[in-house]
Amino acid sequence: MQSPHVAVPASAFNDKMTPTTLAPSYQDGLRTNGITNGVAKSGNGSGGFETTTAPAAVPLLNNPTTTSATLPAPRALPEICFTLRRKLLGLLEEQTDDSVLRGVQEQVRISMGVIEKAICMYRPEELSIAYNGGKDCLVLLILLLACLPISGSTTVKSTQEQGLPELSPQKQPPPPTSKSPNSAPPKTLQAIYIAPPDPFPEVEDFVTTSTIEYDLDLTRYALPMRPALEAYLSERPTVKAVFMGTRRTDPHSEFLEHFSPTDKGWPQFMRVNPVIDWHYTEIWTFIRHLQIPFCCLYDRGYSSLGGVSNTRPNPALKIEGDGFRPAYELVRDEQERLGRDK
6 MQSPHVAVPA SAFNDKMTPT TLAPSYQDGL RTNGITNGVA KSGNGSGGFE
56 TTTAPAAVPL LNNPTTTSAT LPAPRALPEI CFTLRRKLLG LLEEQTDDSV
106 LRGVQEQVRI SMGVIEKAIC MYRPEELSIA YNGGKDCLVL LILLLACLPI
156 SGSTTVKSTQ EQGLPELSPQ KQPPPPTSKS PNSAPPKTLQ AIYIAPPDPF
206 PEVEDFVTTS TIEYDLDLTR YALPMRPALE AYLSERPTVK AVFMGTRRTD
256 PHSEFLEHFS PTDKGWPQFM RVNPVIDWHY TEIWTFIRHL QIPFCCLYDR
306 GYSSLGGVSN TRPNPALKIE GDGFRPAYEL VRDEQERLGR DK
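See below:
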């Protein structure tokens, strides 16, 4: 019987790849050679458990000008964090009359304060992120990587060494310092991906490529949420807190706080919800303003991603004839899940 989960540690890829020439949606249906459900299959006599191998190239499908583009080896985690930190600093320092962008700046400050507090509360091995390639957890991932401590890296100078201000906003918990027991730069970022029974190939592809791009130590489970979490905590017993991309408009999330323990009867850990109060338009303004690559399904009118059987393009984005406007043109929070079955 095939194992229901697949570990995708960053270190398993000998020649990891970082997209450098892709359009923001990674073109249209990007695939990795030899990879199925996020990893290359390899018979190993262990009951079908799937292991990872180094993909040789990533072709850009449906791109008439590209036939066999390859992606170079990715940067180390400290460099990734440093680059994203500079981007967020630029966003926060930007002067604008755009009310939506000002709202995003405020949300970023609040979210970074929550993330920095969690980093002070938990050691690196006690933290993980729930990541499924969707827009909300993508925003969370960028924020988290930008907040991770990078001082002590041998390849990237610290924020202070580069003459950059710290990210911590006023009246928010300070970032870890050299005096904090939890300030050591993490070697990798643990992540869990709980896939639906019928995932979109485009989502699986994006999870695979972004896992490589952001150097995640990702474990994929093809199980319902509760047993998947139980299995993950059994295999990663050091994990005490999980960053979630939950927003208040998500089902059963209206009463969540930035720090909310799991409910009784569920695997016990602290849910950290840095983007809980973000609005739909703020999510997309952040992604597009910083030019963060995202799953190509959003360009086709999907505003909320689940499985193939319960997810359709959002009818509020339908245009005359045959087609849909992109997800980022939707404005109202209450219309976000119109393409999802109840």
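This note's numbering numbers the first residue of the sequence shown as 6 and each following residue consecutively.
For glycine and all other residues, C-beta sits at the position ideal for the given N, C-alpha and C.
| said: Suppose the cutoff is 8 Å on Cβ atoms and the five residues either side in sequence are ignored; what does the same chain contact list for S185 look like? | reply: On the sequence shown, residue 185 is found 180 positions in, with the first residue counted as 1. Only weak support exists for where S185 lies, its pLDDT of 49 falling under 50; the coordinates are left without a value.
| said: Tell me whether the segment 243-256 and the segment 120-138 touch, counting them as touching only if at least three CB pairs, one residue from each stretch, are closer than 8 Å. | reply: yes
| query | Residues bridged to Q348 by DSSP? | reply | In the structure displayed, the chain extends from 6 to 347; residue 348 sits before or after that span and is not available.
| said: Please classify V336 as buried or exposed, where buried requires at least 16 other C-beta atoms within 10 Å of its C-beta. | reply: In the sequence shown, the residue the question calls residue 336 occupies position 331. Under this definition V336 is an exposed residue.
| task | Would you check if the distance between the CB atom of T316 and the CB atom of Y303 is smaller than 8 Å? | result | In the sequence shown, residue 316 corresponds to position 311, counting from 1. In the sequence shown, residue 303 corresponds to position 298, counting from 1. For T316 and Y303, no; Cβs fall outside 8 Å.
| request: Answer yes or no: do F205 and V313 have a C-beta to C-beta separation smaller than 8 Å? | output: What you label residue 205 is simply residue 200 of the sequence shown in a count that begins at 1. What you label residue 313 is simply residue 308 of the sequence shown in a count that begins at 1. Closer than 8 Å, so yes.
| field | Alpha carbon of F299 to alpha carbon of A332, nearest angstrom | value | Reading the sequence shown from its first residue, position 294 is the one you call residue 299. Reading the sequence shown from its first residue, position 327 is the one you call residue 332. If I take the Cα positions, the gap works out to 11 Å.
| task | Enumerate in chain order the residues of its own chain whose CB-to-CB distance from L234 is below 6 Å, with the five nearest sequence positions on each side excluded. | result | In the sequence shown, the residue the question calls residue 234 occupies position 229. Contacts found: P272.
| query | Excluding sequence positions up to five away, which residues of its chain have a Cβ less than 8 Å from the Cβ of L148? | reply | By 1-based counting over the sequence shown, the position of residue 148 is 143. Contacts found: L93, V113, S116, M117, I120, P279 and V280.
| query | What do you get for R293, buried or exposed, if any count of 16 or more other CB atoms within 10 angstroms of its CB means buried? | reply | Stepping through the sequence shown from its first residue, residue 293 is reached at position 288. When all chains shown are included, R293 counts as exposed.
| said: In whole angstroms, give me the CA-to-CA distance for Y127 and T243. | reply: The count along the sequence shown starts at 1 and reaches residue 127 at position 122. The count along the sequence shown starts at 1 and reaches residue 243 at position 238. When rounded, the distance between both Cα atoms is 10 Å.
| Do you know how far the Cα of R345 is from the Cα of G139? | In the sequence shown, counting from the first residue as 1, residue 139 sits at position 134. In the sequence shown, counting from the first residue as 1, residue 345 sits at position 340. Their backbone Cα atoms lie some 14 Å apart in a straight line.
| request: Would you list the one or two residues that DSSP bridges to P266? | output: The count along the sequence shown starts at 1 and reaches residue 266 at position 261. Paired residue(s): M275.
| said: So if DSSP puts T316 in a beta bridge, which residue, or which two residues, is it bridged to? | reply: The residue given as residue 316 occupies position 311 in the sequence shown. Paired residue(s): R345.
| query | For S104, does the three-state DSSP call read helix, strand or coil? | reply | Here residue 104 corresponds to residue number 99 of the sequence shown, with the count starting at 1. In the structure shown, S104 sits in a helix (DSSP, three-state: H, G or I).
| query | So which of T286, R107 and I199 has the shortest CA-CA distance to N137? | reply | On the sequence shown, position 132 is the one that residue 137 refers to. Among T286, R107 and I199, the Cα nearest to that of N137 belongs to I199.
| field | Closest Cα partner of I288 within the set E84, L106, A123 and R330 | value | Taking the sequence shown and counting its residues from 1, the one referred to as residue 288 is at position 283. Per the Cα distances, L106.
| Residues bridged to I134 by DSSP? | Locating residue 134 in the sequence shown gives position 129, counting from the first residue. In DSSP, I134 forms a bridge with A196 and F248.
| query | Under 8 Å, do T251 and L261 count as touching if we go by C-beta distance? | reply | Counting from one through the sequence shown, the residue named residue 251 turns up at place 246. Counting from one through the sequence shown, the residue named residue 261 turns up at place 256. Yes. Within cutoff.
| task | Would you kindly work out how many angstroms separate the C-alpha atoms of E240 and E339, rounded to a whole number? | result | Taking the first residue of the sequence shown as position 1, residue 240 is located at position 235. Taking the first residue of the sequence shown as position 1, residue 339 is located at position 334. Whole-angstrom Cα-Cα distance: 38 Å.
| Buried or exposed (CB count within 10 angstroms, at least 16 for buried), E98 | On the sequence shown, position 93 is the one that residue 98 refers to. Its Cβ having fewer than 16 others within 10 Å, E98 is exposed.
| task | State the beta-bridge partners of K323 as determined by DSSP. | result | Position 318 of the sequence shown, counting from 1, holds the residue named residue 323. Answer is F329.
| For R330, which residues of its own chain have a beta-carbon under 7 Å away from its beta-carbon, when the five flanking residues on both sides are left out? | Start at 1 with the first residue of the sequence shown, and residue 330 comes out as number 325. These residues qualify, in order along the chain: G306, L322 and I324.
| Element boundaries [alpha helix (DSSP H), containing R231] | Here residue 231 refers to the residue found at position 226 when the sequence shown is read from its first residue. M230 to E240 is the span of the alpha helix (DSSP H), which, as asked, contains R231.
| task | Could you check if D141 is buried or exposed, using at least 16 other CB atoms within 10 Å of its CB as the buried criterion? | result | Within the sequence shown, the letter at position 136 stands for residue 141. Buried, because 16 or more other Cβ atoms sit within 10 Å of the Cβ of D141.
| Backbone secondary structure at L295 - three-state DSSP | By one-based count along the sequence shown, residue 295 stands at place 290. Of the three classes helix, strand and coil, the one that applies to L295 here is coil, per DSSP.
| task | State buried or exposed for R231, treating a residue as buried only when at least 16 other CB atoms are found within 10 Å of its CB. | result | Translated into positions along the sequence shown, residue 231 becomes position 226. It counts as exposed.
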